[in-house]
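Under my numbering, think of the first position of the sequence shown as 13, with each following residue one higher.
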Amino acid sequence: MAEPERDRLFEHEYDGIKEYDNPMPRWWVYLFAGSILFCFPYIIYYHLGRGPSIQETLDAEIAAYAEQLMATYGELKPDTATIVQYMDNEIAMKGMESLFKGKCAQCHVADGSGNVGPNLTDDYWLNVEQIIDIAEVLNNGRVAKGMPAWKDKLTETQIVLLSSYVARLRREPLPGKEPQGDRIQPWPQSAEPPPADDLAAGAAS
Ligand code: HEC
């Protein structure tokens, strides 16, 4: 009678130690081979190709969440208090980060340090003295100087939140385009706590 496969002993013996020939179960071997095969398209798509990174997936989700959240803010009016207040709303600012990357980065660089347009992270500004001036520049642009007007392309709420985002860039000054314009005073501090970051809380108010 043939010996059952699992209990077959190997011929060899080392220092009196013998070894059974116990092959891995078939399903395990297939799984192992499958995972090796899987890694090639995975690496090609996610590491070398256009597949989104974990960070990009998270950013996209937060941006989508921010869109939803912004819908609950209603119409924001461009005044100093509102712009200052939203500078600390992390979710809204995440949403604006993706808007900025999409529409402004080509001239101001994704981090705001400037190339065609001025460095928005330093203390020197051409058209801005008060924080509210940012909203005015965004609305009307400086078309002759190469800064487009955004009044007809963005909603008023987006202009307000984007102004908060631009103002916030100054918190982390970056080397980039050389300073242009005059040195201006720091922005005013917010008197009120920032509006809730939370979708449920935003909807409730
Ligand atoms: C096509 C290039 C271009 C794009 C796109 C652009 N900007 Fe500008 N931006 C400029 C230029 C050039 C200036 C400088 C205008 C001047 O000389 O007065 C400027 C100026 C500004 C200023 C005023 C800076 C200062 O020192 O007074 C702000 C704020 C600003 N841009 C924000 C934005 C935001 C936010 C966006 C995206 C919605 C954007 N810009 C898109 C080119 C651009």
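Glycine residues also receive a C-beta, built at the ideal position from the N, C-alpha and C atoms.
Item, Value
"At least 3 beta-carbon pairs within less than 8 angstroms: the segment 184-191 vs the segment 114-133", "yes"
"Under 9 angstroms between C-beta atoms of A72 and E109", "no"
"Contact the segment 137-145 vs the segment 56-69: 3+ CB pairs below 8 angstroms", "no"
"Which of helix, strand or coil DSSP assigns to Y85", "coil"
"Bridge partner(s) assigned by DSSP for K30", "E25"
"Beta-carbon spacing of I196, S175 below 9 angstroms", "no"
"Local Cβ density within 10 Å of E23, reported as buried at 16 or more and exposed below that", "exposed"
"For G214, the three-state DSSP class (helix, strand or coil)", "The predicted position of G214 is uncertain, since its pLDDT is 48 and thus under 50; a value taken from the coordinates is nonetheless stated next. Of the three classes helix, strand and coil, the one that applies to G214 here is helix, per DSSP."
"Three-way DSSP call (helix, strand, coil) for R154 in this model", "strand"
"A179 to H59 span [Cα, whole Å]", "35 angstroms"
"T69 and P200 closer than 9 angstroms at C-beta", "no"
"Backbone secondary structure at R38 - three-state DSSP", "helix"
"Nearest-angstrom Cβ-Cβ length linking P90 and E141, presumed shorter than 8 angstroms", "Actually they are not in contact, since the Cβ atoms of P90 and E141 sit about 16 angstroms apart, beyond 8 angstroms."
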